[in-house]
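Visitor: Got a structure for you, written out below as structure tokens; questions coming shortly.
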Amino acid sequence: MNWVTELPPSCYRSYNACLVIEDRYSKTPIFLLCYKDDTPMDTALLLWNRLISHKGLFKNIISDREPKFTYALWTNLQRFFGIKSSFSTAYHPQADGLAERMIRNLDDMIRGFCAYGLQLKESDGFTHDRCTIIPELELEYNTSVHSSTGQNPAMLEKGWNPRLPEDTLRKYLTDIHPTASSFKMMLDKVKHHSKKAWRMLLNIQNRSPKKLKNSYVGSFVIVALDGTNEIPVELSGELENKHTAFPDSLIKPYQPAEKELFPLRNPTPLAVPPVEQSEEKNIKKVIKEERLRGKKQQEYLFRYGNQVHEDG
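Here UniProt numbering is used: position 197 in the sequence shown is 197, and no number is missing along the way.
Written out as structure tokens, the structure is:
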């Protein structure tokens, strides 16, 4: 757990902080609005009324060395309830990284719906009141699939998914036409087979010598795309004996030339206009020389042989 402080006052209670708690197993976050200057007793009452009464007691609390947790009263309460404290140090801040990452996620979610210091209307879809949207954001996050567990936090914690407004709307949606389902199956088959025919260019900047060589060579055929960072390819030529798996950072899509896309097309060559042959003029005398104002250019007045005066 950790605190988000220095927030603009929100709601009629003027909350200026938020206590972020996240379960290490189910990744379930809980956002408790509070004040920056809360005492250890205020924090203990907040956890008892808003969290412990619904979830039960903790086994272990991982946080930084917040004065609220190092205070004697809070230490005695933890000892009485059998709660272990694990404090992160300045040299190992990653111990509390789960709460720190959740704080960044909360900031991003609030920033998408809440605006501060602007004159907005209700029809703009934004609000100045952060307190009104935090419960909705907490419910939305708990019902979204987490990348590390493959499940949503609510399912891992409770064993069932909460009922959402969209569940009611699904009853009024019409079934998809069977033709659309068949078309999706055919599209998936084509997409599966087309993955093997994709071609790409390979970055060879790390090879030597680098001078006067293209950064990318190819094209090569991609064997399969399985969603990982390593992409297996079919190498040929001077790279045939190299390892066939490369990171996706060294690969970019191959853009075929127009001749490969349209082999039967015969482009008409552009007509080059003829160059006019001008007669050579012999300069007989420089009559006048003048520098342009504000520029480093000069103008000359010449007299050519057997011709009248002209500007050159």
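The C-beta atom is built at its ideal place from N, Cα and C for all residues, glycine as well.
Per DSSP, which residues does C18 bridge with? Please list them.
Guide: In DSSP, C18 forms a bridge with V4, L33.
Visitor: From I251, F31, N49, T5, pick the residue whose C-alpha is nearest to that of L137; which is it?
Guide: Checked all of I251, F31, N49, T5; the closest Cα to L137 is F31.
Visitor: Considering only C-alpha positions, which residue in the set P247, K184, L19 is nearest to E100?
Guide: Ranking the options by Cα distance to E100, first place goes to L19.
Visitor: Based on Cα-Cα distance, which residue from K27, E6, S26 lies nearest to A17?
Guide: The shortest C-alpha separation from A17 is found at E6.
Visitor: Is the separation between the beta-carbon of T28 and that of C34 shorter than 9 Å?
Guide: No.
Visitor: Should F81 go down as buried or exposed, given a rule of 16 or more other Cβ atoms within 10 Å for buried?
Guide: Counting Cβ neighbours within 10 Å, F81 comes out exposed, since fewer than 16 surround it.
Visitor: Give me the Cα-Cα distance between V223 and I231, rounded to the nearest whole angstrom.
Guide: Straight-line Cα distance between these residues: approximately 8 Å.
Visitor: According to DSSP, what are the bridge partners of I222?
Guide: BP columns for I222 point to V233.
Visitor: Give the straight-line distance between the Cα atoms of L235 and E258, rounded to the nearest whole angstrom.
Guide: Computed Cα separation, rounded: 24 Å.
Visitor: Whole-angstrom Cβ separation of R24 and L98, contact assumed at under 8 Å?
Guide: Yes, R24 and L98 are in contact; Cβ-Cβ is about 6 Å, under 8 Å.
Visitor: Mind checking F183: buried by the 16 CB within 10 Å criterion, or exposed?
Guide: It counts as exposed.
Visitor: What does DSSP give as the partner residue(s) for S10 in the beta ladder?
Guide: Paired residue(s): Y15.
Visitor: In the DSSP assignment, the alpha helix (DSSP H) including Y141 goes from what residue to what residue?
Guide: Start and end: 134 to 142.
Visitor: Distance check for S144 and L156, CA to CA, integer angstroms please.
Guide: For L156 and S144, the distance between alpha carbons rounds to 12 Å.
Visitor: Using three-state DSSP, classify K59 as helix, strand or coil.
Guide: K59 falls in the coil class under three-state DSSP.
Visitor: Going by alpha carbons, who is nearest to K252 out of V272, P263, S219?
Guide: The residue with the shortest Cα to Cα distance from K252 is S219.
Visitor: Between the beta-carbon of D64 and the beta-carbon of N105, is there less than 9 Å?
Guide: No, Cβ-Cβ distance for D64 and N105 is not below 9 Å.
Visitor: Using the rule of at least 16 other Cβ atoms within 10 Å of the residue's Cβ for burial, across every protein chain shown, is Y15 buried or exposed?
Guide: The residue is buried, with at least 16 neighbouring Cβ atoms inside 10 Å.
Visitor: Can you tell me which of the three DSSP states I52 falls into?
Guide: In the structure shown, I52 sits in a helix (DSSP, three-state: H, G or I).
Visitor: What span of residues does the alpha helix (DSSP H) with L46 cover, start to end?
Guide: Start and end: 40 to 47.
Visitor: How long is the line joining the alpha carbons of K195 and W160, rounded to whole angstroms?
Guide: Caution is warranted here: a pLDDT of 49 is assigned to K195, below 50, making its placement in the model unreliable, and no coordinate value can be reported.
Visitor: Which residue comes first and which comes last in the alpha helix (DSSP H) that contains K153?
Guide: Checking the displayed sequence, the identity of residue 153 turns out to be Pro instead of Lys. First-last of the alpha helix (DSSP H) with P153: 153 to 158.
Visitor: Compute the Euclidean distance between the alpha carbons of F302 and E290, then round it to the nearest angstrom.
Guide: If I take the Cα positions, the gap works out to 12 Å.
Visitor: Here's the rule I'm using: 16 or more other beta-carbon atoms within 10 Å means buried, otherwise exposed. How should residue 358 be labelled?
Guide: As displayed, the chain neither begins before 1 nor continues past 312, which places residue 358 out of reach and without an answer.
Visitor: Ends of the beta strand (DSSP E) at K252?
Guide: Its beta strand (DSSP E) spans residues 251 to 253.
Visitor: Output the boundary residues of the beta strand (DSSP E) element that contains P247.
Guide: Counting along the chain, the beta strand (DSSP E) containing P247 begins and ends at 245 to 247.
Visitor: Buried or exposed: where does M185 fall if 16 or more other Cβ atoms within 10 Å of its Cβ makes it buried?
Guide: M185 is exposed by the Cβ-count criterion.
Visitor: With DSSP run on the structure shown, which of helix, strand or coil describes Q298?
Guide: Residue state, collapsed to three classes: strand.
Visitor: Please report how far the alpha carbon of T149 lies from the alpha carbon of L250, in whole angstroms.
Guide: If you take the alpha carbons of T149 and L250, they lie about 29 Å apart.
Visitor: Count the other CB atoms within 10 Å of the CB of N60; is the residue buried (16 or more) or exposed (fewer)?
Guide: Exposed, since its Cβ has fewer than 16 Cβ neighbours within 10 Å.
Visitor: Quick check on R303: does DSSP put it in helix, strand or coil?
Guide: In the structure shown, R303 sits in a strand (DSSP, three-state: E or B).
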